[in-house]
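What follows is a short report on a single structure.
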Amino acid sequence: MNMQVDIPTDAEANRILKLACLAVGGQGGGVLTDWIVAVAEANGYVAQSTSVAGVAQRTGATIYYVEMTKHTDRLPVFSLSPSEGDVDILISAELMEAGRSVMRGFVTPDRTTLIASAHRIAAVSEKIEPGDGRANSEEVLTACSLAAKRLVAFDMETMAVKAGSVISASLLGALAGSGALPFPRESYEEIIRASGRGVEASLRAFTAGYERAMRRDESGDVIEMVEEPAPGALPGIRGPEGMLKKWQALEARVQALPAPVQDLALRGLRKVVDFQDLAYGAEYLDRLDRAVALDSAEQGHALSLAAAKHLANAMCYDDIIRVADLKTRAHRFARVRKEVGVREENVLQLTEYFHPRAEEFCGTMPAFLGAAIEKRPKLFAWLDRRLNKGRRIRTDSARGFAMLWMVGGLRPMRRRLLRHKVERAHLEEWYALALGTVASDYALAVEILNCRRLIKGYSDTHVRGHSKYARVIGALDMLRGREDAADWLRRLREAALKDEKGVQLDGALKTVASFA
C-alpha cells in the first residue's frame with residue numbers, strides 16, 4: 057500500500073505558537089487570555105484557549121493556555137494544556153509563579169520568552185512558616201533569566217494600579233512590547249477598546265507596560281527588581297494637650313538614647329502606647345534603659361537594638377481585646393475597601409471569624425477569677441465545651457460591630473486581667489535571663505532576646521510558640537560556657553522557626569545533646 061505524505065512548503069505558515077499564562081484570582085487572567093485570542097484572530101490567525109483552574113489561597117494558580125497559527129485551508133490540531141519544553145511564551149502575573157513555571161519545565165533557554173511581573177504575593181507555603189518564610193526574589197529572577205531565552209520582568213502590578221486598572225492590561229502591554237507575537241501595537245489597542253469596560257484605564261496600563269518592555273537591553277531582556285520601600289517618616293501624633301505633653305516627655309527620653317537605638321525605640325514606643333496607654337510606654341522605656349545601661353558602642357548596641365524590638369513585641373501580645381480593637385478601627389475598613397476594590401457607592405459586607413477557647417475567655421477575666429476557674433478542671437472543661445467553636449461576626453452590622461467594640465473597650469482594664477498577669481511574668485523572666493547573661497556572654501544574651509521571635513499570635517499559635525521557646529531556652533544549660541553558645545542558640549531558634557511541627561528543632565536539640 058502506498059502512503060502519500062503532504063510536506064508543507066512553508067514551515068512557518070504551519071507553526072503553532074504556544075502561550076501559557078499563570079494568574080491567581082482577581083488578576084484578570086481570563087480577560088488577558090480573551091484579549092490575546094482576539095488579537096490573534098484579528099491578524100488572520102486561528103486560536104484556541106483553555107484553562108486549568110488552580111486551588112484557592114495560592115496553593116496553585118490558574119493556567120490559561122493559548123495555541124495559535126496562521127489561518128490556512130488546513131484545520132490545525134491544538135493541544136489542551138502546555139507541555140514541558142514546549143512553550144513559546146509564558147506570562148506570569150506574579151514572580152513566584154514564574155519561578156514555579158521554571159521548575160515545572162515550561163521555560164526553556166532555546167525557546168521561551170518569559171514575561172513576569174516582579175511584584176510578590178505571599179504564597180501559603182510562605183505564610184505558614186513560623187519565621188520569615190519569604191522566598192528570595194533576586195534568586196528567583198536570576199533563575200528565570202538563566203532558564204528563559206528572553207526575560208521581561210518588572211513591577212506590572214504597581215504600574216496597573218497607578219493607571220487605575222488591573223494587571224492584565226499591563227501584562228498585555230508587556231507582551232506587545234516584547235515583540236514575542238508578530239502583531240502590531242494598534243491591534244492590541246483596538247481589542248481593548250472593543251472590550252467596552254474600563255477602556256481608558258486599561259489603555260493607560262497597556263501603554264505603560266508596552267513602553268517599559270520596549271526599553272530592553274542588547275540581549276533583549278528587561279529585568280527590574282521591585283525595590284523595598286524605605287522606612288518612611290512616622291505619622292504625627294494628635295490628641296489633647298495634656299496627653300501630648302506626656303508624649304513629648306517620652307519622646308525626649310528616646311532622644312537621650314544612643315543614636316543607633318533611637319529610631320527602633322521610637323517605633324517600639326509608638327506600638328506599646330497604641331496597644332495600651334502612655335504609662336505603658338513609660339514602662340517600655342524603663343525596661344529598655346536597663347539594657348542600654350549594660351551596652352556599649354563597641355558592641356554595636358546589638359543588645360539595645362534587640363531589646364527595643366522584642367520588648368515592644370512582648371508587651372503588645374495578641375489577646376481578644378487587641379484583636380477586637382484592631383477589627384473595629386476605621387482605617388481597617390478603609391483598607392479592606394481599597395484592597396477588594398469596593399467603590400464608595402457600594403456596600404461592604406465584612407464577616408470576621410473567631411475561634412476563642414476557654415483560655416482566652418479566662419484571660420479576659422480579673423486575674424483572681426480567671427485563675428480560680430483554670431484551677432478547677434471540671435468547670436474549665438464545661439466552659440471550654442461551650443466556647444471552643446468557630447463564630448462568624450458581621451462587623452458591617454450594628455450588632456456585630458457593637459459587640460467587638462465593647463470587647464475592645466476593655467483596654468483600660470487590661471492590667472487587672474489574668475492574661476496580662478501571665479504575659480508580664482513571662483516577659484520579666486525572659487528579660488532578666490537575657491540581661492543576667494550579659495556579663496558572662498554578651499552574644500548569648502542578644503540571642504536570648506531574639507528568641508522572643510518564637511512567641512507570636514494567639515490561641516493555639518501562641519501555645520505552640522511558647523512550647524518552642526521553652527524547648528530552645530531549655531538547652532541553655534547545655535550551651536553555657538561554650539565559645540559557640542550564641543551560635544548554637546541561634547541555630548536552635550532558626551530550626552524552631554522553620555516548621556510548625558518542630559521536626560527540625562528535634563534534630564537540632566539531639567545534636568546539641570550529643571556534644572553536651
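With the first letter of the sequence shown counted as 1, position 41 gets the number 97 in my numbering; the numbers rise by one all the way through.
A virtual CB, placed ideally from N, CA and C, is assigned to each residue, including glycine.
Could you give the distance in angstroms between the alpha-carbon of residue i and the alpha-carbon of residue j?
i    : j    : result
L228 : A380 : 42 Å
R575 : T118 : Since the first residue shown for the chain is 57 and the last is 572, residue 575 is missing from the structure and cannot be characterised.
R448 : V403 : 19 Å
R167 : L207 : 11 Å
S224 : V559 : 41 Å
Y487 : A363 : 9 Å
S226 : I429 : 59 Å
R385 : T214 : 26 Å
E153 : Y120 : 13 Å
E401 : R393 : 11 Å
A35  : F424 : Past the edges of the chain, shown from 57 to 572, lies residue 35, and the structure says nothing about it.
E616 : D330 : Lying outside 57 to 572, the shown extent of the chain, residue 616 is not represented and no answer is given.
R272 : W303 : 52 Å
R467 : D345 : 26 Å
G521 : V348 : 27 Å
T115 : A79  : Note that T115 has pLDDT 47, beneath the 50 cutoff, so the model's placement of it is unreliable and the number below is only indicative. Answer to the nearest angstrom: the Cα atoms are 12 Å apart.
A203 : R156 : 12 Å
V217 : G233 : 19 Å
E222 : V398 : Note on identity: in this sequence residue 222 is Val, with Glu being the wrong assignment. So the alpha carbons of these two residues sit roughly 14 Å apart.
K434 : G563 : 37 Å
A312 : K554 : 38 Å
L532 : L545 : 8 Å
G465 : F457 : 12 Å
E485 : A264 : 56 Å
I511 : H518 : 6 Å
A427 : L491 : 30 Å
G84  : A172 : 14 Å
L350 : A174 : 44 Å
Look at the Cβ atom of residue i, then the Cβ atom of residue j, and state whether they are nearer than 7 Å.
i    : j    : result
F162 : L146 : yes
A541 : L489 : no
V502 : A358 : yes
V101 : K126 : Reading off the sequence shown, one finds Tyr at residue 101, where the question assumed Val. Closer than 7 Å, so yes.
T451 : E395 : no
A552 : K524 : yes
A103 : V87  : no
A236 : T169 : yes
A414 : L382 : no
V95  : I247 : yes
V328 : C372 : yes
L197 : R176 : no
I279 : A209 : yes
S107 : V122 : no
What three-state label does DSSP hand residue i in the structure shown?
i    : result
E361 : The question names Glu, yet the displayed sequence has Leu at residue 361. Residue state, collapsed to three classes: helix.
Q113 : Legend: pLDDT at Q113 = 43, less than 50; position of this residue unreliable, value from coordinates given subsequently. Note: Q113 maps to coil in three-state DSSP.
Q332 : coil
I4   : Because the chain is modelled from 57 through 572, residue 4 falls outside the range shown and cannot be assessed.
T198 : helix
E123 : strand
E408 : strand
C372 : coil
R447 : strand
F424 : helix
T128 : coil
A174 : coil
R206 : strand
T89  : helix
K74  : strand
T263 : helix
T118 : strand
Y576 : The structure shown does not extend to residue 576, since the chain spans only 57 to 572, so no value can be given for it.
S107 : strand
Quick check on this structure: which residue in the options has the alpha carbon closest to the alpha carbon of residue i?
i    : options                   : result
T164 : V143, R176, I177 and A216 : V143
R309 : E339, F331 and E194       : E339
G220 : S173, R455 and F262       : F262
R35  : C507, D516, D543 and E539 : Outside the displayed span of the chain (57 to 572) sits residue 35, for which this structure offers no information.
R471 : G521, D375 and P138       : D375
I377 : L460, E354, R393 and Y409 : L460
D211 : A349, F457, S148 and T517 : S148
Y498 : E539, P468 and D533       : E539
R71  : G85, V133 and D90         : V133
A514 : E485, H411 and D440       : It should be noted that the sequence gives Tyr, not Ala, for residue 514. Residue H411 is the option with its Cα nearest to Y514.
K205 : A250, R260, D277 and F436 : D277
E242 : L306, L361 and Y266       : Y266
With 7 Å set as the bound, which would you pick, yes or no: does the beta-carbon of residue i sit closer than that to a beta-carbon of chain D?
i    : result
V143 : Of the protein chains in the structure, only one exists, and it is not chain D.
Compute every distance between the C-beta of residue i and the non-hydrogen atoms of the ligand GDP, then say whether any falls below 6 Å.
i    : result
D333 : No copy of the ligand GDP appears in this structure; indeed no ligand is present at all.
### Task
Spell out a yes or no on whether the segment 475-492 and the segment 406-426 are touching, meaning 3 or more CB-CB pairs, one atom from each, closer than 8 Å.
Here the segment 475-492 makes contact with the segment 406-426; the two share three or more CB pairs at distances below 8 Å.
### Query
Between the segment 322-342 and the segment 365-375, are three or more C-beta pairs nearer than 8 Å?
Contact check between the segment 322-342 and the segment 365-375: three or more CB pairs, one atom from each, fall below 8 Å, which counts as touching.
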